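The opening position of the sequence shown corresponds to residue 0 in numbering that gives the first Met the number 0, with each subsequent residue numbered one higher.
We put the beta carbon where it would ideally sit given N, CA and C, even for glycine.
Nothing here was measured: the structure is a model prediction, and the numbers come from that model.
Written out below as structure tokens is the structure these notes cover.
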Amino acid sequence: MEQDLRVQFGEIEQAPSTYPDKQGRVQVTITNDGNESLTDGSLNLYASNDGELDLDNLNTNDDYIEGTELNSLKGTDELLGTLEGIDLAAGESRTIDIDFAGEVFTNPSVVSPGVYNLGAVIDPNNAVAEIDENNNQAIEPVSPDGTDAVLDWNSVFLNASETQGKLDAANGVQFTEDTVPGEAPPIQARDAAILGIAQYEAINAISAINGGESPYLDDSITPPEGASAEAAAVGAAYQVLTTLFPEQADTFELQRQESLAEINDSEEAESLGFDFGVTVANNILSQRANDGTAEAQIPLDQTNYYENTEAGPPSATLLAGFGDVDPFSITSAEDFRPDGPPEYGSEEFIQDTEEVRALGGRGDTAVTQSLRTADQTEIAEFWSFDRNDSIRPPGQWIDIAQEVALDQGNSLAENARLFAQLNVALADAGIVVWDTKFEFNQQRPYNSIVEDDIAGVTNDPEFEPLLNTPPFPDYISGHSGFAGAAASVLENFFGEDVTFEVASQELPGVTRIFDGNGDQNSFQEAAEEDSVSRVYGGIHLRSSVEDSLATGNDVGQYVAENFLA
0 MEQDLRVQFG
10 EIEQAPSTYP
20 DKQGRVQVTI
30 TNDGNESLTD
40 GSLNLYASND
50 GELDLDNLNT
60 NDDYIEGTEL
70 NSLKGTDELL
80 GTLEGIDLAA
90 GESRTIDIDF
100 AGEVFTNPSV
110 VSPGVYNLGA
120 VIDPNNAVAE
130 IDENNNQAIE
140 PVSPDGTDAV
150 LDWNSVFLNA
160 SETQGKLDAA
170 NGVQFTEDTV
180 PGEAPPIQAR
190 DAAILGIAQY
200 EAINAISAIN
210 GGESPYLDDS
220 ITPPEGASAE
230 AAAVGAAYQV
240 LTTLFPEQAD
250 TFELQRQESL
260 AEINDSEEAE
270 SLGFDFGVTV
280 ANNILSQRAN
290 DGTAEAQIPL
300 DQTNYYENTE
310 AGPPSATLLA
320 GFGDVDPFSI
330 TSAEDFRPDG
340 PPEYGSEEFI
350 QDTEEVRALG
360 GRGDTAVTQS
370 LRTADQTEIA
380 EFWSFDRNDS
390 IRPPGQWIDI
400 AQEVALDQGN
410 SLAENARLFA
420 QLNVALADAG
430 IVVWDTKFEF
440 NQQRPYNSIV
450 EDDIAGVTND
460 PEFEPLLNTP
470 PFPDYISGHS
480 GFAGAAASVL
490 ENFFGEDVTF
500 EVASQELPGV
510 TRIFDGNGDQ
520 NSFQEAAEED
530 SVSRVYGGIH
540 LRSSVEDSLA
550 TGNDVGQYVA
560 ENFLA
């Protein structure tokens, strides 16, 4: 007796979105090609940011972080639900209508709202011995209602950023003095800025979004008559991403076809627009080809920089030269550099370090009783995004902007301007933060608590931070700088009266709502929480996150007022 089960997607009437009130409706067809009946089979649905399903998904809850109820998140895909009790006679095929408004399946919570992959797996536990186990899965790229080429391709970018981390890990790429696996946060922000500018310039050249203002595009590049603006946005994004992520070219080609099929312009207009977008992208890419990013991962004099010793002797530090990368909008990194950290051993330094010891440890030690609350623990993990196979800290703010833009009903032109401003602000904030980090070279709290003997600081050799200490200096915080820059841009674009809900890849199913707290608007409220999360995670002093948040706000405000204003 032989069995062989196949699964494929049918009509996707409405792709399930990250909005709880916009449930999806899809059809899945299961076929039993064997000569033996299937009894009590099961079907899993997943949301994935790439084209490969990771069945050790984000909902795996068997590997908790010591002293917490937090998952170490080995996987990257989200299980949306399981339909059980499927019976199929030999040779039978059945189409199942799945309504996400029901009780079995839930909307995705951790994918980008523009484009993601919906996955179906029949017999996910391989309970049935089959002729061919390779046809048990189906993957379908989907785009929820209301998106456009800017939202979709920012999602494609975030997916590519996450996927690059997975590819580099699979290929054995190691973090060394010469190589950086995945998309490190400041590099991701820089790449996002190139995408944002290319799409803006392509659309603006055709549609004159902002009075025709063109801060980057060569004046000699003009669009052909009749070119589609949305197809130009697709062409620009396609060319940027295939250049930045050449290993993922096949994925981008599939998305190119999907995106162009969704545009309602003529075939000639789409062809003209796409080709023009490619030309624009090449022009922007050439302008940034020698911006200093390729030289940012540099060996350092071991006697003259912060050493991350939490995981043993340091082998490298991350992007010590990134502060020298050419900014996109601001005049220079030095113009936004804060005054510096509190003096080592000063009252403020001691107070900040003792706060991290009390709130930032993984658990109690013989010396320290952890005072961190359950909500503070959730905040630390919710905003972390330190894994290479995640959408990273700048990406989370791009994701937030997508959610709000979709909810507000932005036009294509509005989204082009928004994501050009936002992504540029994130990139310039990253440059300022990394410039500041290696200007002051302040050690991490771990060094002060575990290794040093500082009057006023309780030495605790057993202290371990809740989150892993990154390999670069404490002052100032990257998360906080990105958050401040994004909050300023989003506040200027959308105003102060905006409520939004944020999900996290780090805690699937957990959302946090921001509606302002009286003293702050919702964007600044979220930025403040993102910022302080690094104190709760045990890896930054409060002075480092507060100064960085203010610096990021300054960068974002400058971009909002001076770049495509």
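| Asked | Found |
| --- | --- |
| If you drop the 5 nearest sequence neighbours on each side, which residues of the same chain put their C-beta closer than 6 Å to that of residue 30? | 5 and 92 |
| What would DSSP say about residue 9, mapped onto helix, strand or coil? | strand |
| Alpha carbon to alpha carbon, how far is residue 469 from residue 538? Give it in angstroms, no decimals. | 8 Å |
| Can you tell me where the beta strand (DSSP E) with residue 500 in it begins and where it stops? | 499-502 |
| Helix, strand or coil for residue 199 per DSSP? | helix |
| Run through DSSP, which three-state label would residue 358 get? | helix |
| Given 7 Å as the limit, tell me if residue 238 has its C-beta closer than that to any heavy atom belonging to the ligand ADP. | The ligand ADP is not among the ligands present in this structure, which contains no ligands whatsoever. |
| Could you check which residue in 173, 319, 110 and 203 has the C-alpha nearest to that of residue 292? | 319 |
| Between 285, 328, 54 and 401, which has its C-alpha nearest residue 556's C-alpha? | 328 |
| On the DSSP letters alone, give me the boundaries of the alpha helix (DSSP H) that residue 381 sits inside. | 373-381 |
| So, at 6 Å on beta carbons, what are the nonlocal neighbours of residue 12 in its own chain, with the 5 sequence-adjacent residues on each side left out? | 24 |
| Near residue 41, which residues of its chain fall below 6 Å by C-beta distance, leaving aside the five closest residues on each side in sequence? | 81 and 83 |
| Expressed to the nearest angstrom, what Euclidean distance is found between the alpha-carbon atoms of residue 505 and residue 400? | 18 Å |
| Taking just the CA atoms, how far does residue 391 sit from residue 278? | 29 Å |
| Would you kindly report the start and end of the unbroken beta strand (DSSP E) that includes residue 566? | Because the chain here runs from 0 to 564, residue 566 falls outside it and cannot be looked at. |
| Hey, is residue 451's beta-carbon within less than 8 Å of any beta-carbon in chain C? | The structure shown contains no chain C; it holds only a single protein chain. |
| Can you tell me whether residue 464 is helix, strand or coil according to DSSP? | strand |
| Mind the definition here: the stretch 472-481 touches the stretch 426-439 only if three or more C-beta pairs lie below 8 Å; say whether that holds. | yes |
| Nearest CA to the CA of residue 191: which residue from 395, 383 and 255? | 395 |
| In whole angstroms, what is the alpha-carbon distance linking residue 353 and residue 544? | 15 Å |
| If you scan the stretch 464-544 from start to end, which runs of the alpha helix (DSSP H) of 4 or more residues do you find wholly inside it? | 477-493 and 521-535 |
| Using only alpha-carbon positions, find the residue among 105, 78, 39 and 133 that is nearest to residue 7. | 133 |
| Can you tell which of 103, 79 and 37 has the C-alpha that lies nearest to the C-alpha of residue 126? | 37 |
| Using DSSP with H/G/I as helix, E/B as strand and the rest coil, what is residue 256? | helix |
| Among the candidates 511, 372, 136 and 520, whose CA atom is the shortest distance from the CA of residue 496? | 520 |
| Any chance you could list the alpha helix (DSSP H) runs of at least 4 consecutive residues sitting entirely within the stretch 108-187, in chain order? | 148-169 |
| Once DSSP output is grouped into helix, strand and coil, what is the label at residue 50? | coil |
| Is DSSP giving residue 77 helix, strand or coil here? | strand |
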